[in-house]
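Report on the following structure.
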Amino acid sequence: MWAAELRCPKTLMARIETCSSDRQQVTWNERDVDGDIYVMPGVVTNERLVLEGAELSAIWKDILPLQAPRGWWLVRGNVRRTKTLAESLLKFVLEENAESGRIEVKPDRSSGRLRFTVHVDPDLFEHVKSDRTLKIAALVGACGWLPEIFRLDDPAADEDPLATQLRELLTSREPDVRLWDHDLYDPALVATILEPLHFDSQDPRDG
Amino acid sequence: MDRHLLERTGSRFDEWQRGIIFQSTRHGKWTAADPRITNPIRKRQEELQAAISAGAHALSAYLRKKLQISQGELGAPRFPRPRLTPREFQDPPLELEEELGKAWIGLRTSLTSQPLFWLLCHIDWLEQGRFDVTGHHLAEAFTAGHGDTKREARTRNFLRRTSGLPVARGNTSVFSDCLMARSWWRYHLADQVEKVTAGRVRRRTAHRVLHTNRPAWEELIMRSLRRITVINQPRARAAIVHQLASRLESRGHIDKKDVQGITLVFARQGLRRSFEHTSWEDLTGGSRTTPSSATT
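These protein sequence lines map, in sequence, to chains A and B. Residues 1141 to 1347 (the working numbering) make up the first sequence, in order. Residues 9 to 304 (the working numbering) make up the second sequence, in order.
Okay, here's the thing in structure tokens:
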């Protein structure tokens, strides 16, 4: 049967959902999760399985019949996040008293993870979900904080999965892109690697 | 509690915690003697200590000011006892944890995993007089303990106990250091163990396992959060607690090495099997079945 394992480490949640149809829908309650959520799709045996040669590729012929007890993973896909790295880094909050047209980005490790709170006024807040430019502006601000948050050899940077993922991404682009502990680190460049800047022709502000 | 309040206040909480402790990794190894760095931190620490010494109302006013929260109830869960002594607060016995856990059973994990949620609860409880209200008793409850002759250590003790210290200790801190949060999580997980095993492992037994040894609890939490997240599958955790309970019964104690050994076994098994579809007997060591031809 198809199976998808759902994990939210921050709330110590992990569970498996299964189905037999050709389409699987995985749901969770927002009140049970916080921070990053991971999904691992795969196939699990729902009963003891014995596969003979006719059902399998020739590469298995030396070890046939193939047997697996109930509950064994036959196939596991790659781990998928339910949010992009950029989405995981930013949290937009409504700031009633904020001056119109301004955003303020501040680090927020109150959750124990690398995250930035973006304080926006009520007018901008309405566009948070639809406007990529706003998201990218906030990302530039967030990336500007990284040298301050993660000094060289800071163990917190090694423990934080988002920081690790960000480091891996940027390291793969070296020497064109520098890490936050380098003099030539460029927050705008890093932000637009995470979320490339382009103008959508269907942007409602056009025309 | 209003989630918007948590979201709005998160960055202020972070800023306050970061500004009130000295971190060589952040400030630089050679800045411990630099007054430009240490003087502002010292002043903030003294301000906190003064608020604690002045009693519950002064302390809650101090915290509200730092977090920029106006007056009014914050929606903390009802405290089941009129008041906690400093000793009960610092090291809640099993019976007290059960009492707290039962009273707060409806709390959702999306809140209880957040350090700021617990700090806001402490502000409410301070204002309701749930702790001994004099400055002397508050200091004993919140700041006394390891290294408490130093201002930095007293400050860190306060931050750890009332919310956890995520800026320095990461996301395990709320589970390990914040005493009320730790009590809630132990009870919650013990309750989950009883439910998922249909009573094969009693809640009291599971709770005793989670309560008996602090390093063992911290190890279990650290592995569940960071290293072996597959053990958060409820049946896996229940089987781990069951095995720890057997050791506790036979030897009279468990320690973090027991947790390391058992969780490692489950980490390996989790690569190959779904714990949700494995029989309880297999999970608890009754069978060591392996697929005959699975060699990958």
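Virtual Cβ for every residue (Gly too), placed ideally from N, Cα, C.
Query, Result
"Uninterrupted beta strand (DSSP E) stretches inside the segment 99–123 of chain B (no shorter than 3 residues)", "none"
"For L1214 of chain A and L1196 of chain A, the rounded distance between their alpha carbons", "13 angstroms"
"L1152 of chain A at chain B interface by Cβ criterion, 7 angstroms", "yes"
"The segment 205–224 of chain B / the segment 157–171 of chain B touching (three or more Cβ pairs under 8 angstroms)", "no"
"Distance CB(L1337 of chain A)-CB(I1276 of chain A) smaller than 7 angstroms", "yes"
"For P1247 of chain A, the residue or residues it bridges with in DSSP", "A:F1256"
"Range of the contiguous beta strand (DSSP E) that encloses I1156 of chain A", "M1153 to C1159"
"C-alpha gap between G114 of chain B and L228 of chain B, whole angstroms", "23 angstroms"
"Contact check, T1167 of chain A vs S19 of chain B, beta carbons under 7 angstroms", "no"
"Residue interval of the alpha helix (DSSP H) (run including M230 of chain B)", "R222 to M230"
"Through-space distance from P1287 of chain A to Q241 of chain B, alpha-carbon basis", "36 angstroms"
"Per-residue DSSP class, three states only, for G1347 of chain A", "Legend: pLDDT at G1347 of chain A = 40, less than 50; position of this residue unreliable, value from coordinates given subsequently. Residue state, collapsed to three classes: coil."
"Near-chain A residues of the segment 211–240 of chain B - C-beta to any C-beta below 9 angstroms", "I229, S232, L233, R234, T237, V238, I239 and N240"
"Contact with chain B by P1247 of chain A, beta-carbon distance below 7 angstroms", "yes"
"Counted within 10 angstroms of its Cβ, other Cβ atoms place H12 of chain B as buried (16 or more) or exposed", "exposed"
"Between the CA atoms of E1187 of chain A and I1199 of chain A - distance to the nearest angstrom", "24 angstroms"
"Among A:L1302, A:T1224, A:L1329 and A:I1203, the one whose alpha carbon lies nearest that of P1315 of chain A", "A:L1329"
"Short Cβ contact (7 angstroms threshold) for R1147 of chain A with T180 of chain B", "no"
"Beta-carbon neighbours of Q277 of chain B, restricted to chain A and to distances below 9 angstroms", "Neighbours of Q277 of chain B on chain A: none; closest Cβ ~10 angstroms, over 9 angstroms."
"Cut-off 7 angstroms between Cβ atoms - residues of its own chain near P1205 of chain A, not counting five sequence neighbours on either side", "V1190, L1191 and E1192"
"Distance, A244 of chain B Cα to A302 of chain B Cα", "Model confidence at A302 of chain B stands at a pLDDT of 36, short of 50, so the residue's coordinates are unreliable; what they give is reported in the following sentence. Taking the straight line from one Cα to the other gives about 22 angstroms."
"T1222 of chain A: contacting residues in chain B (beta-carbon distance under 7 angstroms)", "Those do not exist, as T1222 of chain A stays about 14 angstroms from chain B at its closest Cβ, beyond 7 angstroms."
"Proximal residues of chain B, C-beta to C-beta of A1144 of chain A below 9 angstroms", "Those do not exist, as A1144 of chain A stays about 11 angstroms from chain B at its closest Cβ, beyond 9 angstroms."
"Extent of the continuous beta strand (DSSP E) run through W1200 of chain A", "Premise fails: W1200 of chain A is in no beta strand (DSSP E) and is neither H nor E."
"Beta-carbon contacts of Q31 of chain B that lie in its chain and below 7 angstroms, excluding the five residues immediately before and after", "A176"
"Proximity test, Cβ basis, 7 angstroms: D132 of chain B and chain A", "no"
"Beta-carbon neighbours of R91 of chain B, restricted to chain A and to distances below 7 angstroms", "Here the premise fails: no neighbours, minimum Cβ distance about 28 angstroms."
"Which listed residue (B:R50, B:I270, B:D42 and B:Q76) has its alpha carbon closest to that of G27 of chain B", "B:R50"
"Nearest residue (CA-CA) to M1180 of chain A, options A:V1219, A:D1174 and A:A1282", "A:V1219"
"Inter-stretch contact at 8 angstroms, needing at least 3 Cβ pairs: the segment 145–163 of chain B / the segment 70–79 of chain B", "no"
"Environment of E106 of chain B [buried if 16+ CB atoms lie within 10 Å]", "buried"
"Residues, ordered as in the chain, of the segment 112–133 of chain B that lie near chain A by beta-carbon distance below 7 angstroms", "R116, T117, S118, S121, Q122, P123 and L124"
"Contained beta strand (DSSP E) runs [length at least 3] in the segment 126–186 of chain B, N- to C-terminal order", "none"
"6 angstroms CB neighbourhood of A1154 of chain A in its chain, flanking five on each side removed", "R1147"
"C-beta neighbour in chain A for R11 of chain B, strict 7 angstroms", "no"
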